[in-house]
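Numbering (full-length UniProt numbering), first residue to last: 1 to 109.
Idealized CB from N, CA, C, for every residue including glycine.
The structure appears right after this line, and notes come after that.
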Ligand code: SF4
C-alpha cells in the first residue's frame, strides 16, 4: 500500500491518494528496505488508495507479484495503516486480520 510513512490518516482514501507526491505507499526517506522492490512504486497510487467503494482488485493483483508483500503487510499491521491496500490486503481485510490476531473474532455458539 506514501510520504512520511503514510503519515496521519486522511479523511478519505481519495484525499490520501491525491496527497501522494509520488506513486507507492511511502515517501522517500521513510522507505524501508523492502520498498526498494515495491511494485506499487511503479504504478498509480489510485490503485492502492481508490475512491471509497471502488475496486481494489488491481492493487491486489499487483501485490500478488510483489517480492516485498509479507514485509509490507507486516509493516502496515505494525504501523496500524488504516487506509489503502498494503501487502495485498484491503483496509477491511487488515482490520479483520488484526481482530483475528487479537482473538476478537466472533464464534458462533
Ligand atoms: S505488497 Fe503491494 S502495497 Fe506492498 S509494496 Fe508490494 S505492491 Fe506495494
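Any non-hydrogen atom of the ligand SF4 closer than 7 angstroms to residue i Cβ
i           : result
residue 77  : no
residue 39  : yes
residue 56  : no
residue 69  : yes
residue 48  : yes
residue 103 : no
residue 53  : no
residue 88  : yes
Counted within 10 angstroms of its Cβ, other Cβ atoms place residue i as buried (16 or more) or exposed
i           : result
residue 76  : buried
residue 105 : exposed
residue 38  : buried
residue 111 : Nothing about residue 111 can be read from this structure; the chain reaches only from 1 to 109.
residue 1   : Unreliable positioning characterises residue 1 in this predicted model, as indicated by a pLDDT of 49, which lies under 50. The coordinate reading is nonetheless provided below. The residue is buried, with at least 16 neighbouring Cβ atoms inside 10 Å.
residue 103 : exposed
residue 90  : buried
residue 29  : exposed
residue 36  : exposed
Those residues which DSSP pairs with residue i across a bridge
i          : result
residue 77 : Per DSSP, none; premise fails for residue 77.
residue 86 : 89
Three or more beta-carbon pairs under 8 angstroms between the stretch 56-66 and the stretch 95-102, yes or no? Using a C-beta cut-off of 8 angstroms, the stretch 56-66 makes no contact with the stretch 95-102, since fewer than three inter-stretch Cβ pairs fall below that distance.
Inter-stretch contact at 8 angstroms, needing at least 3 Cβ pairs: the stretch 45-52 / the stretch 66-80: Counting C-beta pairs with one atom in each stretch, the stretch 45-52 and the stretch 66-80 have fewer than three that are closer than 8 angstroms, which means they do not touch.
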